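*Asks:* One rule links them: number in the working numbering = place in the sequence shown (from 1) + 7.
Ideal Cβ placement from N, Cα and C applies to all residues, glycine included.
Quick caveat, the model's predicted, so the values are computed rather than measured.
Dropping a structure here in structure tokens format, bear with me for questions.
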Amino acid sequence: MKKRTLVKTLLCALAFAACAGGQQIPPLAPPQASFGFPQKQTLTYSVDWRVFPAGTAVVHLEQMDDRERITASAETIGAINLLFHVSDHFQSTIDRAKGCTYEFDKQTVEGRRQINSTLRIDYAGLKSILDEKNVVKNQTKHVESAIPGCMTDLLTGMFYTATQPLVVGKSFVVPVVDAMHNVPVTIKVEGREEIKTTLGTFKTIRVQPTAAAGVVKNRGNIWIWYTDDDRHLPVQMRARLFWGTITFRLTGNENK
Numbered sequence: 008m009k010k011r012t013l014v015k016t017l018l019c020a021l022a023f024a025a026c027a028g029g030q031q032i033p034p035l036a037p038p039q040a041s042f043g044f045p046q047k048q049t050l051t052y053s054v055d056w057r058v059f060p061a062g063t064a065v066v067h068l069e070q071m072d073d074r075e076r077i078t079a080s081a082e083t084i085g086a087i088n089l090l091f092h093v094s095d096h097f098q099s100t101i102d103r104a105k106g107c108t109y110e111f112d113k114q115t116v117e118g119r120r121q122i123n124s125t126l127r128i129d130y131a132g133l134k135s136i137l138d139e140k141n142v143v144k145n146q147t148k149h150v151e152s153a154i155p156g157c158m159t160d161l162l163t164g165m166f167y168t169a170t171q172p173l174v175v176g177k178s179f180v181v182p183v184v185d186a187m188h189n190v191p192v193t194i195k196v197e198g199r200e201e202i203k204t205t206l207g208t209f210k211t212i213r214v215q216p217t218a219a220a221g222v223v224k225n226r227g228n229i230w231i232w233y234t235d236d237d238r239h240l241p242v243q244m245r246a247r248l249f250w251g252t253i254t255f256r257l258t259g260n261e262n263k
């Protein structure tokens with residue numbers, strides 16, 4: 008098992024599964040008018056690698072005027088933490104009516120590597136603007152790149168999917184931007200399934216996000232299980248790769 012591959016997959020499974028690219032990008036469909044973003048909500052997930060506890064992830068959603076702020080943290084624990092310590096934090100701000108990302112911030116600590124970055128989206132200028140600092144090496148980077156229009160980011164993608172009709176047998180495409188790459192991610196709505204967690208048993212709809220490039224290309228599969236109701240709450244996520252399976256399970260759901 009490669010340590011960096013495990014860490015990258017942990018984050019991408021939480022954040023959506025598109026981590027590279029550069030293809031023809033379709034327009035982003037707005038959220039359904041009937042979908043309601045939570046005013047305040049905190050979701051907590053346990054993360055397992057094979058049969059071993061690997062980490063925890065916490066996601067918080069909160070309304071800010073006409074926008075929604077999503078923050079998330081990912082921390083390794085136990086034996087995985089001894090192998091390769093990870094303490095990553097993400098913040099994303101999106102337009103609730105359109106689904107467009109306005110800013111995506113990351114503060115990553117992965118072993119000896121420490122990177123802080125801010126990705127801002129300038130829709131008037133149709134460009135993304137990345138400012139990044141390597142804290143350990145004291146190096147900075149500023150890059151601007153063209154975008155086709157309204158985009159989501161890696162963190163927002165999972166929650167944007169919940170705003171769309173999830174019809175079994177149907178697919179739709181979500182345009183995702185991260186680290187100056189524009190990636191069309193296809194969401195395949197595969198079927199219905201009951202999922203048991205420590206919070207109870209949920210009737211869910213299983214979807215599979217796929218991309219033509221990225222960390223999961225030719226290596227495995229990723230699935231997300233959303234509740235089969237108007238909330239489309241993500242209760243489980245799973246990445247199955249050649250060196251093992253990583254599973255996120257919802258262990259906490261609080262309106263705070």
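Cutting at 8 Å between CB atoms, please list the residues of its own chain near V174, excluding the five before and the five after it.
*Replies:* V196
*Asks:* Determine the direct distance from the alpha carbon of V192 to that of K177, and round the result to whole angstroms.
*Replies:* 14 Å
*Asks:* Using the DSSP secondary-structure output, state which residues sit across from G132 in a beta bridge.
*Replies:* DSSP lists no partner for G132.
*Asks:* Distance, Cα to Cα, I128 vs R247?
*Replies:* 32 Å
*Asks:* Please return the same chain residues whose Cβ sits closer than 6 Å to the Cβ of Q46, not counting the five positions on each side in sequence.
*Replies:* Q70
*Asks:* Confirm the yes/no value for this check: CB of V66, any heavy atom of the ligand GTP, distance under 6 Å.
*Replies:* Only the bare structure without any ligand can be found here, which leaves the ligand GTP out of the picture.
*Asks:* Tell me the DSSP secondary structure of T275 in three-state form.
*Replies:* In the structure displayed, the chain extends from 8 to 263; residue 275 sits before or after that span and is not available.
*Asks:* Using only the alpha-carbon positions, how far apart do M8 and F91 sit?
*Replies:* Note that M8 scores a pLDDT of 41, beneath 50, so its modelled location is shaky; the value from the coordinates is reported in the next line. Roughly 12 Å separates the two Cα atoms.
*Asks:* Smallest Cα separation from A61: which of A40, F42, S94 and G43?
*Replies:* S94
*Asks:* On the CB-based measure, 16 or more other CB atoms within 10 Å of its CB, does R199 come out buried or exposed?
*Replies:* exposed
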